[in-house]
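Notes follow once the structure below has been shown.
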Amino acid sequence: MLRRGRGWAAALLGLSLTMAPGALMAKDKLTVDLVNEPSSLDPQVQWNPDSYYVYRNIFDNLVTRDDKGEIIPQIATAWKQTSETEVEFTIREDVTFHDGQKLKADDVVFSVQRITDPKFASPQLGQFNKIVKAEATSPTTVKLTTDGPYPALLSQLVKLSIVPKHVVEAVGKDAFNLKPVGSGPYKFDSWQRGVQVTLSAYDRYWGPKGPFATAVFRAVPDAATRVANLQAGTSDLAVTLDSDLAAQLKSSPKAKVLSVLTERVAYLRLNPAKPPFDNIKVRQAVAYAIDKGAMVDGILGGYDQPVPEMLTPAHEGWVADIAAPSYDLTKAQALVKEAGEGGKAEIELATSPVFDQRIVQAIQQMLTEAGLNVKINMSDMASYLKRAQGGIDATPALSFGRWSCSCQDADGVLFPLLHKSSSWSVYRNPKADELLEKARQSLDEKVRLEAYRGVHEIVAQDVPLVPLYQSAAIYGAAKGLQWQPSPSESMFLNRMAWKD
Amino acid sequence: MRRFFLRRIGQVIGTVFGVVTLIFFLQRLTGDPTYLLVPETATQADIDAMRAALGFDRPLFVQYLAFLKQIASFDLGRSVIQNIPVWDIIASRLPYTLQLAGGALLVACGLGIPVGVVLALYRDHPASRLLASIVLAAQSMPTFWSGIILIMIFAVTLGWLPPSSTGGIEHLIMPSLALGLLSMATFARITRTSLLDELSKDYVRTARSRGVPMTLLLRRHLARNASIPVITVAALEISNLLAGAVIVETVFAWPGLGQVTVQSILARDFLVVQGIVILGAFVTVALNLAADLLYSAVDPRIRLDGTRR
Chain A
308 MLRRGRGWAA ALLGLSLTMA PGALMAKDKL TVDLVNEPSS LDPQVQWNPD
358 SYYVYRNIFD NLVTRDDKGE IIPQIATAWK QTSETEVEFT IREDVTFHDG
408 QKLKADDVVF SVQRITDPKF ASPQLGQFNK IVKAEATSPT TVKLTTDGPY
458 PALLSQLVKL SIVPKHVVEA VGKDAFNLKP VGSGPYKFDS WQRGVQVTLS
508 AYDRYWGPKG PFATAVFRAV PDAATRVANL QAGTSDLAVT LDSDLAAQLK
558 SSPKAKVLSV LTERVAYLRL NPAKPPFDNI KVRQAVAYAI DKGAMVDGIL
608 GGYDQPVPEM LTPAHEGWVA DIAAPSYDLT KAQALVKEAG EGGKAEIELA
658 TSPVFDQRIV QAIQQMLTEA GLNVKINMSD MASYLKRAQG GIDATPALSF
708 GRWSCSCQDA DGVLFPLLHK SSSWSVYRNP KADELLEKAR QSLDEKVRLE
758 AYRGVHEIVA QDVPLVPLYQ SAAIYGAAKG LQWQPSPSES MFLNRMAWKD
Chain B
2 MRRFFLRRIG QVIGTVFGVV TLIFFLQRLT GDPTYLLVPE TATQADIDAM
52 RAALGFDRPL FVQYLAFLKQ IASFDLGRSV IQNIPVWDII ASRLPYTLQL
102 AGGALLVACG LGIPVGVVLA LYRDHPASRL LASIVLAAQS MPTFWSGIIL
152 IMIFAVTLGW LPPSSTGGIE HLIMPSLALG LLSMATFARI TRTSLLDELS
202 KDYVRTARSR GVPMTLLLRR HLARNASIPV ITVAALEISN LLAGAVIVET
252 VFAWPGLGQV TVQSILARDF LVVQGIVILG AFVTVALNLA ADLLYSAVDP
302 RIRLDGTRR
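Protein chains in written order, with our numbering: chain A, 308 to 807; chain B, 2 to 310.
Here is the structure:
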């Protein structure tokens, strides 16, 4: 009898808890709608945003960025450049992995060695292979040696997740991928293939703890369905919306729009080896023919921001006062006329369905108005990338793309796109190469900035690229979610809050 | 009978081999997944190293022989994108495909066949004409549109059903409707035509003149005689449904095989696509076999070698 009484009391208590006013209750479960499921949760074996959103909550990185984009400590509490090629990091001592084991300098060394081992074949190898040596100089210090002065090292280390040496060595690569163990604010709970990944808050996290007991990341490929889920109240956060869907959400009583300018730059790349772009006048005509403001306000809903250079204010190397050609149709038409018959050659504008086709069509129309003859050629992303990196002959005369190095440093944008040694580059300019090399090898911020200013000016005058706009990331969120999205498109659950 | 089965097994092996060879070379016509796997900042050396690590630097024919050897030992390989065995991916998605195909078939047959019977029996009635236009409308609606409309009405506005994803039976209702309504029209039309054909035969007129009620006639004779074309259509429709309903699965975030096929094609995850295609070929051949067996069960005049007694 007593037992039954206790049961009733427990039931009543439970009922009163579930019926308590929302403001008093913490949000227990956060549901996030991604586009696809993560391809893998081992932070070192893939490179795609849907994996990144999830695993960045399971793992800590050596350093991270705050919401403003500044590099701040995470596993490393401090760092010191001990020589041109060596940096010493002090490792936080109060960090434990989700299996309870303490994180040590050895784990940091192991993580660096694992991702830089060519045999491991990490897709991220190219971001870290300037590091030639990693060693623990004491139980709490790690020294990294690069193959030369490397100013972008810290920006790259923002992406280096620390994996537990003892777990990876014990279970192996495949098992670790299925059941990852990290030291982040959330630990891996379950993975229902094709449906969702569930994480739960890690009680012993050293830093700000996650505000939700569990977080569920679901795969919802159709953007309209992600919006419907928000409107119906079955999800709390949705990624990758466009301005039309955002407008739909604005009238919803349950959801709101969150947006941020990212470090992605939309651009046109011209191949100066192919007619008519072998004539500088035609290249300049393209720069004058594009109305970036109309593109951003008229098509993209005003979320994005036109840029005069091939970077964003979120990058190291951004120079605020670059004078780039701005929209002047008469000037563009005059330049095409001056180019004569050669200017009428057919221009292939290469693109892929991944990119916003409204923009591609607008570009075609703007260039046609200037007197150019543009034909759009759409291919799937893999074919597009293959041609884009296939050298001078394979690269189309004109291509539209959006560039992200996920490093917020000019070296990850300008060097690959312009330096003669890069597979992406079809531009040959010894002066630009010299400036890019100088900026890559100097640890002096002023020297780097001056060099990049030179590169931006060359781009503006010689037009191997037409930088278009800084892309926005548009999210849909439940009204109660408090979150500031960041330019790096990270989704840290422990930087969110809930308010009914 | 034995010869029939031996011939069929030979056909299965030939079909699957042909399909697999075709898909192997077709997929590789435009390159490999390496460029999609690495960040934009990767150098040509990084890309070449990645390609070598994945084995895509070997001559195509060497890759093909290695692949044949692999499937001969019933190994479908590993996904280069998801880093797990292809079989695990298929096994995790197959139950959802079966559920959705079952649900859609229920809607298609459960509505389509009775509607077809009504359309045949009351062919000149105005209500029947109205019904015919409703069926036509259901078939004309593209699923990406009807799916979103269903979601907006039943999930967002009325709140009766969950908008997407999986879980209980309530999650299955809208995707099954969106997918099933398309095939429903096919079933209705085939049933109607086939039944009308039977109704014009002499034995029906004789039976009717002797006062046999229509319901009895329908149950005893017409249903059976009119069902052969319906079985043929059913076999084709089921293999279509099992091959994956890409659009419906995308709209409703339903994790079936269709969705994973499209994602794998776009990501150049060759082995996953090959695995699913092998499965699809088997299913199609098996369903056609089942349809042949059913023909002879329904109509004893039909022999399994395809002739009539």
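Ideal Cβ placement from N, Cα and C applies to all residues, glycine included.
Using a Cβ-Cβ cut-off of 6 Å (strictly less than) and excluding sequence neighbours within five positions of A:Leu-750, which residues of its own chain qualify?
Indexing the first sequence from 1 puts residue 750 of chain A at position 443. If we look at A:Leu-750 and ignore the five residues flanking it on each side, its Cβ neighbours are Pro-456 and Pro-458.
Are B:Ile-279 and B:Val-13 close, meaning C-beta to C-beta below 8 Å?
Position 278 of the second sequence, counting from 1, holds the residue named residue 279 of chain B. Position 12 of the second sequence, counting from 1, holds the residue named residue 13 of chain B. It is not a contact, given that the beta carbons lie outside the stated cut-off.
Whole-angstrom distance between A:Val-478 and B:Trp-88, CA atom to CA atom:
In the second sequence, counting from the first residue as 1, residue 88 of chain B sits at position 87. In the first sequence, counting from the first residue as 1, residue 478 of chain A sits at position 171. Cα to Cα, the separation comes out at about 21 Å.
For A:Leu-331, collect the residues of the same chain with a Cβ closer than 7 Å to its Cβ; drop the 5 residues on either side in sequence, then sort them by chain order.
Position 24 of the first sequence, counted from the first residue, corresponds to residue 331 of chain A. Because the pLDDT at A:Leu-331 is just 41, under 50, the model does not fix this residue reliably, and the point stays unresolved.
Residues near A:Leu-820 in its chain [Cβ-Cβ closer than 6 Å; skip 5 each side]:
Residue 820 of chain A lies beyond the residue range present for chain A, which begins at 308 and ends at 807; the question has no answer from this structure.
Cutting at 8 Å between CB atoms, please list the residues of its own chain near A:Asn-364, excluding the five before and the five after it.
As a position in the first sequence, residue 364 of chain A is number 57, starting the count at 1. For A:Asn-364, where only same-chain residues beyond five positions count, the Cβ hits under 8 Å are Gly-491, Pro-492, Tyr-493, Leu-506, Gly-517, Ala-522, Met-798, Phe-799, Leu-800 and Asn-801.
Ranges of the beta strand (DSSP E) found wholly within the segment 401-484 of chain A, counting only runs of at least 3:
438-445 and 448-453
Can you tell me whether A:Glu-796 is buried or exposed? The criterion is at least 16 other CB atoms within 10 Å of its CB, across all chains shown.
Counting from 1 along the first sequence, the entry for residue 796 of chain A is found at position 489. A:Glu-796 comes out buried.
Which residues in chain A have a C-beta closer than 7 Å to the C-beta of B:Asp-47? List them in chain order.
For this step, residue 47 of chain B is matched to residue 46 along the second sequence. Here the neighbours are Leu-432 and Gly-433.
Starting from B:Leu-37, find everything on chain A with Cβ-Cβ shorter than 8 Å and list it in chain order.
One-based indexing of the second sequence puts residue 37 of chain B at position 36. The answer, in chain order, is Met-688, Ala-689 and Leu-692.
Beta-carbon proximity of A:Asn-684 to A:Ala-701, cut-off 8 Å:
As a working note, residue 684 of chain A is residue 377 in the first sequence. As a working note, residue 701 of chain A is residue 394 in the first sequence. No, they are not a contact pair.
Alpha carbon to alpha carbon, how far is A:Thr-453 from A:Leu-461?
For the purposes of this step, residue 453 of chain A is identified with residue 146 of the first sequence, where counting begins at 1. For the purposes of this step, residue 461 of chain A is identified with residue 154 of the first sequence, where counting begins at 1. Cα to Cα, the separation comes out at about 12 Å.
Cβ-Cβ separation, A:Tyr-776 to A:Ala-573 (assumed contact under 8 Å), whole Å:
Mapped onto the first sequence, residue 573 of chain A falls at position 266. Mapped onto the first sequence, residue 776 of chain A falls at position 469. That pair is a contact at about 5 Å.
Rounded separation between A:Asn-343 and A:Val-754 - CA only
Mapped onto the first sequence, residue 343 of chain A falls at position 36. Mapped onto the first sequence, residue 754 of chain A falls at position 447. Looking at the two C-alpha atoms, the distance is approximately 42 Å.
Along the segment 336-360 of chain A, where does the CB come closer than 7 Å to a CB of chain B? Name the residues.
Asn-343, Ser-346, Ser-347, Val-352 and Trp-354
Report the partner residues of A:Trp-836 according to the DSSP bridge assignment.
The structure shown does not extend to residue 836 of chain A, since chain A is modelled only from 308 to 807, so the question has no answer here.
Beta-carbon proximity list for A:Ile-378, same chain, < 8 Å, skipping 5 on both sides:
To locate residue 378 of chain A, count along the first sequence from 1; it is residue 71. Result list for A:Ile-378: Val-370, Thr-371, Arg-372, Leu-461, Ser-462 and Val-465, in chain order.
Under 7 Å Cβ-Cβ, which residues of chain A neighbour B:Thr-251?
Working through the second sequence from its first residue, we reach residue 251 of chain B at position 250. Neighbours of B:Thr-251 on chain A, chain order: Pro-528 and Asp-529.
Taking only beta-carbon positions, decide if B:Thr-167 is within less than 8 Å of chain A.
As a working note, residue 167 of chain B is residue 166 in the second sequence. By this cut-off, B:Thr-167 is an interface position.
Using the Cβ count rule (16 or more neighbours within 10 Å means buried), how would you classify A:Trp-315?
Counting from one through the first sequence, the residue named residue 315 of chain A turns up at place 8. Residue placement at A:Trp-315 is poorly supported in this model, since its pLDDT is 42, which falls under 50; the coordinates still yield a value, given next. By the neighbour-count rule (16 or more Cβ atoms within 10 Å), A:Trp-315 is not buried but exposed.
If you pair each beta-carbon of the segment 225-239 of chain B with each one of the segment 185-204 of chain B, do three or more pairs fall below 8 Å?
yes
Please list, in chain order, the residues of the segment 534-559 of chain A that have any C-beta partner in chain B closer than 8 Å.
Ala-535, Asn-536, Gln-538, Ala-539 and Thr-541
Would you say the segment 376-391 of chain A touches the segment 538-545 of chain A, given that touching needs at least three Cβ pairs under 8 Å?
no
B:Phe-62 in three-state terms, based on DSSP
One-based indexing of the second sequence puts residue 62 of chain B at position 61. Looking at B:Phe-62 - three-state DSSP - the assignment turns out to be helix.
To be precise: take each residue of the segment 399-429 of chain A, compare its Cβ to all Cβ atoms of chain B, and keep it if any distance is under 7 Å. Which residues remain?
Pro-425 and Ala-428
Tell me which same chain residues have a C-beta within less than 8 Å of the C-beta of A:Gln-789, skipping the five on either side of it?
Numbered from its first residue, the first sequence carries residue 789 of chain A at position 482. For A:Gln-789, where only same-chain residues beyond five positions count, the Cβ hits under 8 Å are Met-803, Ala-804, Trp-805 and Lys-806.
Determine whether the beta carbon atoms of A:Arg-421 and A:Gln-351 lie at a separation below 8 Å.
Mapped onto the first sequence, residue 421 of chain A falls at position 114. Mapped onto the first sequence, residue 351 of chain A falls at position 44. A contact, by the Cβ cut-off of 8 Å.
Between the Cα of A:Val-766 and those of A:Leu-618, A:Tyr-360 and A:Asn-436, spot the shortest distance and give me the residue it belongs to.
Position 459 of the first sequence, counted from the start, is the residue given in the question as residue 766 of chain A. Closest option to A:Val-766, Cα to Cα, is A:Leu-618.
Please check if any C-beta of chain B sits within less than 8 Å of the C-beta of A:Ser-861.
The structure shown does not extend to residue 861 of chain A, since chain A is modelled only from 308 through 807, so no value can be given for it.
Helix, strand or coil for B:Thr-167, going by three-state DSSP, please let me know.
Here residue 167 of chain B refers to the residue found at position 166 when the second sequence is read from its first residue. Coil.
Please state whether the Cβ-Cβ distance between A:Gly-650 and A:Pro-583 is less than 8 Å.
Here residue 650 of chain A refers to the residue found at position 343 when the first sequence is read from its first residue. Here residue 583 of chain A refers to the residue found at position 276 when the first sequence is read from its first residue. Cβ distance < 8 Å, so A:Gly-650 and A:Pro-583 count as in contact.
At 8 Å on the CB atoms, spell out the chain B contacts of A:Gln-696, in chain order.
Residue numbering aside, residue 696 of chain A sits at position 389 when the first sequence is read from its first letter. Those are Tyr-36, Gln-45 and Ile-48, listed as they occur along chain B.
Can you give me the C-alpha to C-alpha distance between A:Glu-653 and A:Val-661, rounded to a whole angstrom?
Within the first sequence, the letter at position 346 stands for residue 653 of chain A. Within the first sequence, the letter at position 354 stands for residue 661 of chain A. So the two alpha carbons sit approximately 24 Å from each other.
Interface residues of chain B around A:Asn-680 at Cβ under 7 Å?
The sequence position of residue 680 of chain A within the first sequence is 373, counting from 1. Neighbours of A:Asn-680 on chain B: none; closest Cβ ~27 Å, over 7 Å.
Name the residues in the segment 70-95 of chain B whose C-beta lies less than 8 Å from a C-beta of chain A; which are they?
Ile-82, Gln-83, Asn-84, Ile-85, Asp-89, Ile-90, Ser-93 and Arg-94
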